[in-house]
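> Protein chains in written order, with the numbering used here: chain A, 75 to 423; chain B, 75 to 423. Every residue gets a Cβ at the ideal spot worked out from N, C-alpha and C, and that includes glycine. All values reported here derive from a predicted model rather than from experimental measurement.
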DNA sequence: GACACGCAGGGAAACGCTTTCCAGAAAGTG
DNA sequence: CACTTTCTGGAAAGCGTTTCCCTGCGTGTC
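1. Out of 167/B, 237/B, 298/B and 119/B, point me to the one whose CA is closest to residue 151/A's CA.
2. DSSP three-state label for residue 135/B, please.
3. Any beta carbon from chain A within less than 9 Å of residue 273/B's own beta carbon?
4. Report the neighbours of residue 188/A on chain B: residues whose CB is nearer than 8 Å to its CB, in chain order.
5. For residue 357/B, which residues in the same chain have their Cβ closer than 8 Å to its Cβ, ignoring the five residues on either side in sequence?
6. In chain A, which residues lie with their C-beta within 7 Å of the C-beta of residue 294/B?
7. Can you find a CB in chain A that lies within less than 9 Å of the CB of residue 343/B?
8. Which residue or residues does DSSP assign as beta-bridge partners of residue 214/B?
9. With a threshold of 9 Å between beta carbons, is residue 410/B in contact with chain A?
10. Just how far apart, CA to CA, sit residue 254/B and residue 155/A?
11. Figure out for me which residue from 319/B, 146/B and 78/B has the closest Cα to the Cα of residue 120/B.
12. Just reading off the alpha helix (DSSP H) that residue 437/A is part of, what are its end residues?
13. Cβ of residue 192/A within 9 Å of Cβ of residue 213/A?
14. Short of 7 Å in beta carbon distance, which residues of its chain neighbour residue 312/B, apart from the five on each side in sequence? Order them along the chain.
15. Short check: CB of residue 256/A to CB of residue 317/A, under 9 Å?
16. Taking residue 117/B as the query, report the chain A residues whose CB atoms sit under 9 Å from its CB, ordered along the chain.
17. Can you check which of these residues, 292/B, 298/B and 241/B, is closest to residue 280/B by C-alpha distance?
18. Which of helix, strand or coil does DSSP assign to residue 90/A?
19. Assuming residue 132/B and residue 189/B make a contact with CB atoms under 8 Å, what is their CB distance in whole Å?
20. Can you have a look at residue 158/B and say buried or exposed, based on whether 16 or more other CB atoms are within 10 angstroms of its CB?
21. Could you check what DSSP says for residue 122/A in three-state terms: helix, strand or coil?
22. Indicate whether at least one CB of chain A lies closer than 9 Å to the CB of residue 77/B.
23. Answer yes or no: do residue 288/A and residue 148/B have a C-beta to C-beta separation smaller than 9 Å?
24. Can you have a look at residue 144/A and say buried or exposed, based on whether 16 or more other CB atoms are within 10 angstroms of its CB?
25. What are the boundary residues of the alpha helix (DSSP H) that residue 64/A is part of?
26. Taking DSSP as the reference, what is the three-state secondary structure of residue 334/A?
27. Looking at the C-beta of residue 143/B, does it have a partner C-beta in chain A at a distance below 9 Å?
28. Name the chain A residues whose beta carbon is nearer than 7 Å to that of residue 103/B?
29. Going straight from the alpha carbon of residue 85/B to that of residue 203/A, what length do you get?
30. Which one of 273/B, 186/B, 146/B and 139/B has the shortest CA to CA distance from residue 172/B?
31. Ends of the alpha helix (DSSP H) at residue 269/B?
32. Tell whether a beta-carbon distance below 9 Å holds between residue 398/B and residue 359/B.
33. Hey, residue 396/A and residue 236/A are a contact pair by Cβ (cut 8 Å); roughly how many whole angstroms apart?
34. List the residues of chain B whose Cβ lies closer than 7 Å to the Cβ of residue 151/A, in chain order.
35. For chain B, find out if any of its Cβ atoms is closer than 9 Å to the Cβ of residue 92/A; answer yes or no.
36. Excluding sequence positions up to five away, which residues of its chain have a Cβ less than 7 Å from the Cβ of residue 87/A?
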């Protein structure tokens, strides 16, 4: 099992085995072959822990997400994992479930495991522990925002652009009464999305009464609850923008339950473009944020912080683009152009 | 950072620090206090790798799933992680994406990381590598089936019961023409589900023509494709059972696309009861398989294999129950009892 | 007061690996 | 033929822990 067994079997020293495994070219051809054969025979796998102990680098990356059961995150996890593995890293995943205490213990555990760096994809924690890490120059990547310190890497999602596209799409269809269901406003990203919405509306000279801004939770349940409130309004808005797709799914569900047709009576726009979005009934018009770009930027940023010789791509901020994907949950406002209502049951997807 | 720094700062030997950290009671109160203070001051975190090197146990568990982006798996992951962490273990996650090569490299990587055991939740791989591990008595847990060897732990999901409940529910409503969309038949679990369906139908004396059994892929896309085929049949079945919820979601989507009402024209039953199922339009009637039970059994089975003194709960097989959850995607067959069609748009969820 | 006994704490080995240093052999040169 | 140079393989140190063993101190007893 250990390097010694291989050495013994091949009749060489453990140093030779180590050199062979690490493909150091000074090892004699014949010897190397004998070593590889012995490795094969005893089924030897180098012990990564021992390696890490010596080299000081564990080749593990931490990935912290808010909630693994929110379908948005598995998509990131998958991309991140693929990239990391392809580049010789293993990934330690943790979800905080939005509890600061869990976040703290998660980071602590990851540090004990000696991860080389951590990507914090939780859209808004502010931990004292993180401050300390930053000061120690431990490689960290944040999404959206991070401690305001010089050597911090942040992935900036361009919420404004995608949301503006969404608002303009609705306005172009003729909507004037557009409500917005935000995420939990203690998350910076939720605030950023809401502000982008308000700004986009203002640009078009459209008013947004306070009753049309509802705080949700970025979950399906939150979407339902928020929609329940909107449904009771004397005047139902003609379109709803949601801070993420899960909220939009909850909204669709509540509208179904209260027998409001989408998009005939009300249009719905999501955010994230999770894989599920296109399978909703109707397929969800939503703002796409590229998981691939996000994951790639995160891995790159981490490696830049970890590997001394990594080609410094100079920048400390990565810009993640967003754009609208129009599907069938949006249409003209109810009452206008009734001839077009056939859109409700499209003949092709 | 290391134990030596703490020892120096507290003016004791590293042995004493180690004993303090591990709460060995023979350490003097005052000394222990000094040590804890020093630990606090230098921000010491014990290096898990070094610990693992000595103890031979890494306190890491591997969890292999088929596809992290299939919402069923994150639910398992979350449960598994919660339980594992609560019991002092870390979790290394990997998804195979149904590729045997990935599975192999995944297991290899986990072994290099010295995981104490691996839960293989992929519903059907048969790897040579796994055979070897089994022979080495490496702790492994499988779902559904495993190599036919004496000391293998397997979580047996009781597909038969849940599926029988589903079939009987449909039959009780009056359905006779029930189609089944299976998973990929190279997966044992997919075969088991299909067979359970056929058996349940036979029990009721209901015939299942070959054209009513379609092989899917356990994905939404697969559900769509399968449903496309069923829709072209001269006689559309009145109900569809699906091998998992993702397939059912694809089916709902395709039925929406082809303007077939669910459940007025056709009833749909899923399997798994993922969290999303209740938010589908209409909320999906489905067979629940308990993630909690699954994860709990997996962790318990692994610990039994890892920890010498773990209370052997004797059994080598864990039985995971399933049962039907009736929601609104099932109703009477079209044409029968038209008075009841009001169910299509329920007034409460 | 001297000796035995018990117990807390320190020194050192070991875990599996990498890395460095050094010895010895082979080859080349005067 | 002897001496130097080069190159390969072996031996040993060290990474951060835990743990064993032994020292040395304190207490109790005769």
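Straight from the coordinates:
1. 167/B
2. strand
3. For residue 273/B, the answer is no, since every Cβ of chain A falls outside 9 Å of its Cβ.
4. Around residue 188/A, the beta-carbon contacts reaching into chain B at under 8 Å are 121, 122 and 123.
5. Contacts found: 351, 401, 402, 403 and 423.
6. 353
7. no
8. As DSSP reads the structure, residue 214/B sits in a beta bridge with 192/B.
9. no
10. 34 Å
11. 78/B
12. Past the boundaries of the shown model lies residue 437/A; chain A is included only from 75 to 423, so the question cannot be answered.
13. yes
14. 249, 251, 340, 341, 407 and 408
15. yes
16. 206 and 210
17. 241/B
18. Reduced to three states, the DSSP call for residue 90/A is helix.
19. Indeed they touch by this definition, with Cβ atoms about 6 Å apart.
20. buried
21. Residue 122/A: helix per DSSP, three-state reduction.
22. no
23. no
24. Label assigned to residue 144/A: buried.
25. As shown, chain A starts at 75 and ends at 423. That puts residue 64/A outside it, with no answer to give.
26. coil
27. Closer than 9 Å to some Cβ of chain A, the Cβ of residue 143/B qualifies, so yes.
28. Going along chain A, no residue has its Cβ under 7 Å from residue 103/B, so there is no contact; the nearest lies around 26 Å.
29. Across the structure, residue 85/B and residue 203/A are spaced so that their CA atoms are roughly 27 Å apart.
30. 139/B
31. 262-277
32. yes
33. 3 Å
34. 142
35. no
36. 81
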